[in-house]
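Taken in order, the sequence shown gives residues -10 to 345; the numbers are from this note's numbering.
One structure is given here, and the rest of the page talks about it.
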Amino acid sequence: MFWKVYNGRFSNLCEMLSFVLHLVIYFALVAISFVFSASETAYSTLRASIIRLKAAKGDKGSQRVLLLIKDLPHTLNAIIIGDNLVNLAFTSFATYTGYVFYGALGALIFSVVNFVIVFVVGEAWPKNVAVNNPENLAIRLSGFMYHYVKAMEAPARIMTKVGRALARVAGYEGTRRDITTEERMIYALELAKLEGVITDKQHDVISRVLRFDDLIAQDIMVPLDKVVYVNCESTVSEVMQVFGSAGHRTLPVVEKDERCGVKPVGAIHVRDATVAYMNGFKEVAVKEICEDVVSVRFDEKLIEVLSKMQQTGSQIAAVNRDGCTIGFIFINDLLEEIVGEMMGGVTKSKKLVKKL
-10 MFWKVYNGRF SNLCEMLSFV LHLVIYFALV AISFVFSASE TAYSTLRASI
40 IRLKAAKGDK GSQRVLLLIK DLPHTLNAII IGDNLVNLAF TSFATYTGYV
90 FYGALGALIF SVVNFVIVFV VGEAWPKNVA VNNPENLAIR LSGFMYHYVK
140 AMEAPARIMT KVGRALARVA GYEGTRRDIT TEERMIYALE LAKLEGVITD
190 KQHDVISRVL RFDDLIAQDI MVPLDKVVYV NCESTVSEVM QVFGSAGHRT
240 LPVVEKDERC GVKPVGAIHV RDATVAYMNG FKEVAVKEIC EDVVSVRFDE
290 KLIEVLSKMQ QTGSQIAAVN RDGCTIGFIF INDLLEEIVG EMMGGVTKSK
340 KLVKKL
């Protein structure tokens, strides 16, 4: 027999080369198994947010990873098929090699050694490597995995359908719902608080910022009947009296309107009124020195309201509905939605119910 071994030695050079070739093929299959096993763990445990960030910066590998995890069950099924086929191949090849060169005892020894190699090199080692750095590993393997998954499209699709059918039989039918970016942030925020990474105060401020984008102008506006405002024809002297009694630093300036009752024409800051008063303009109408106010819809997002106020430098926004002003938003009220109630000497605008 060509492959027969005498006294534990190779009978000729061809037999030795054949044995070496068997080992090369075997370890090549083991290496492929390593790649499949590591890929399975990496793609299962990677943080998609990191991949999306890198993909947005133009990283080609990250962009391929996003395509692969878009249908994660399909990708994992393709990887599992390849991993199992390779494991079956090199296990059978190891047993065959042991039997050909050393008989039944060789087959047994090679099978035991193969079991250890499968556990260490085919499972434990690659999974530990992948779980500690899944994103980088997934990106490195993305080129090979992208083309491999495309080649395994048909069998992977079949396995996906079979898996879903079995899930329905077992009563686990359903589809995985993608969570929104906001939900991810909320989960991360709660986890950070539980683990002591952030304090309760920091948690409260960040939570307010996250909720801020959900609010609209009507949610925090001060209704018109509860606003301290002054008539545009009022003099600087009269306005100074209102500032003294109300405690505000900025007041809306309005004029009478037949349809809506009042119509905003601007806002007056205590600083401007004081400068005018000290320079002898006590009897000047306040409309001459007031600044413009921002006009917003009642259903406009607060983040948009804040942006408009920042762009114009205005401290007050008039909230309109059907062409009429129904209330005002003060900059302090906006800030309190973010940082909480502001303590200080200025009385909250919502508690003041005085008009001039």
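Cβ atoms here follow ideal geometry from the backbone N, Cα and C, with glycine treated the same way.
Limits of the beta strand (DSSP E) - the one that residue i falls within
i: ASP246; result: 239 to 246
i: VAL308; result: 305 to 310
i: GLY316; result: 313 to 319
is_contact[residue i, chain C] using C-beta, thresh 8 Å
i: VAL186; result: Among the chains in the structure shown there is no chain C, since it carries only a single protein chain.
Own chain partners of residue i with C-beta closer than 6 Å, once the 5 adjacent residues on each side are dropped
i: SER338; result: Per-residue confidence for SER338 stands at a pLDDT of 42, beneath the threshold of 50, marking its modelled position as unreliable; the derived number appears in the next sentence. The residues are VAL211 and PHE319.
i: LEU35; result: PRO123, GLU124 and ALA127
i: SER7; result: none
i: ALA67; result: VAL138, MET141 and ALA145
i: THR224; result: GLU272
i: ASP281; result: GLY255
i: THR301; result: VAL283
i: ALA96; result: THR84, GLY87 and TYR88
i: ALA119; result: ALA27, THR30, ALA31 and LEU126
i: CYS249; result: CYS313
i: ARG53; result: SER131 and TYR135
Nearest neighbour of residue i, chosen from the options [CA to CA]
i: LYS43; options: VAL24, ALA127 and SER81; result: ALA127
i: LYS382; options: SER22, LEU240 and ALA306; result: Look at the range of the chain in this structure, -10 to 345, and you will see that residue 382 is not part of it.
i: CYS242; options: TYR91, CYS249, CYS221 and VAL259; result: The amino acid at residue 242 is misidentified as Cys; the sequence shows Val. It is CYS221 whose Cα lies nearest to the Cα of VAL242.
i: ARG197; options: GLY50, ILE14, SER296 and GLU326; result: GLU326
i: ILE58; options: PHE108, SER131, HIS237 and LYS46; result: SER131
i: ALA31; options: GLY312, ILE106, ASN121 and ASP322; result: ASN121
i: GLY233; options: ARG260, VAL254, ARG248 and GLY255; result: ARG260
i: GLN304; options: LYS49, ASP311, CYS279 and PRO115; result: CYS279
i: ILE209; options: LEU94, ALA307, LYS297 and ALA96; result: ALA307
i: GLY354; options: LEU18, ASP60, LYS46 and ALA206; result: Because residue 354 is not part of the residues shown, which for the chain are -10 to 345, the question remains open.
i: SER284; options: ALA113, GLN230, SER51 and VAL254; result: VAL254
i: GLU247; options: GLY92, ASN268, ILE106 and GLY312; result: GLY312
i: ALA156; options: TYR266, LYS49, PRO62 and VAL13; result: PRO62
i: GLY64; options: ASN268, ALA143, ARG238 and LEU204; result: Sequence inspection shows Thr at residue 64; the Gly mentioned does not correspond to that position. Checking every option, the nearest Cα to that of THR64 belongs to ALA143.
i: LEU199; options: ILE69, ALA20, LYS290 and ARG310; result: LYS290
i: LYS264; options: HIS237, ALA235, SER226 and GLY236; result: Looking at the sequence provided, one finds Val at residue 264 rather than Lys. The option with the nearest alpha carbon to VAL264 is SER226.
i: TYR174; options: VAL110, HIS11 and SER38; result: Before going on, a small fix: residue 174 reads as Met here, not Tyr. Residue SER38 is the option with its Cα nearest to MET174.
i: LYS116; options: VAL158, VAL24 and GLN191; result: VAL24
i: ILE69; options: LEU12, GLY152 and VAL101; result: GLY152
Residue i and residue j closer than 8 Å at C-beta
i: ALA78; j: ASN103; result: no
i: ILE187; j: VAL228; result: no
i: TYR176; j: THR86; result: no
i: LEU364; j: ILE40; result: The question about residue 364 has no answer, for the chain in this structure spans -10 to 345.
i: VAL75; j: SER22; result: yes
i: ASP202; j: ILE292; result: yes
i: GLN207; j: ASP288; result: yes
i: SER51; j: GLU112; result: no
i: PHE317; j: VAL216; result: yes
i: LEU180; j: ILE195; result: no
i: VAL107; j: THR149; result: no
Own chain residues within Cβ distance below 7 Å of residue i, not counting five before or after
i: VAL9; result: none
i: MET134; result: SER28 and LEU57
i: GLY298; result: One detail in the question is off: residue 298 reads as Met in this sequence, not Gly. Taken in chain order, the residues that qualify are VAL283, ALA306 and ILE320.
i: PHE99; result: ALA83, THR84, THR86 and GLY87
i: CYS3; result: none
i: VAL110; result: VAL19 and PHE23
Own chain, CB closer than 8 Å to residue i, minus 5 neighbours either side, in chain order
i: VAL251; result: LEU213, TYR218, VAL243, GLU244, LYS245 and THR314
i: ASP189; result: LYS182
i: ASP48; result: ILE128
i: ASN295; result: The question names Asn, but residue 295 in the sequence shown is Leu. Around LEU295: LEU323.
i: ASN309; result: SER284, VAL285, ARG286, PHE287 and ILE315
i: LEU204; result: LYS290, LEU291 and GLU326
i: TRP114; result: PHE23
i: TYR266; result: VAL225, SER226 and MET229
i: VAL(-6); result: Summary for VAL(-6): the model assigns pLDDT 45, below 50, so the residue's position carries little reliability; its value from the coordinates is reported in the next sentence. Excluding residues within five positions, the ones whose Cβ falls inside 8 Å are SER0, GLU4, PHE90 and TYR91.
The alpha helix (DSSP H) enclosing residue i, as first and last residue numbers
i: VAL198; result: 189 to 201
i: SER226; result: 225 to 235
i: ASP208; result: 206 to 209
Any non-hydrogen atom of the ligand GDP within 7 Å of residue i CB
i: GLN299; result: Absence of the ligand GDP from the depicted structure is noted, as is the absence of any ligand whatsoever, leaving it without description.
Can you list, in chain order, the stretches of the alpha helix (DSSP H) that have 4 or more residues and sit fully within the region 81 to 165? 114 to 121, 123 to 129, 131 to 140 and 142 to 158
Which parts of the region 250 to 301 are runs of the beta strand (DSSP E), unbroken and 3 residues or longer, counting only runs that do not cross its ends? 250 to 258 and 283 to 286
Enumerate, from N- to C-terminal direction, the unbroken alpha helix (DSSP H) stretches of 4 or more residues contained entirely within the region 7 to 91. 37 to 45 and 49 to 59
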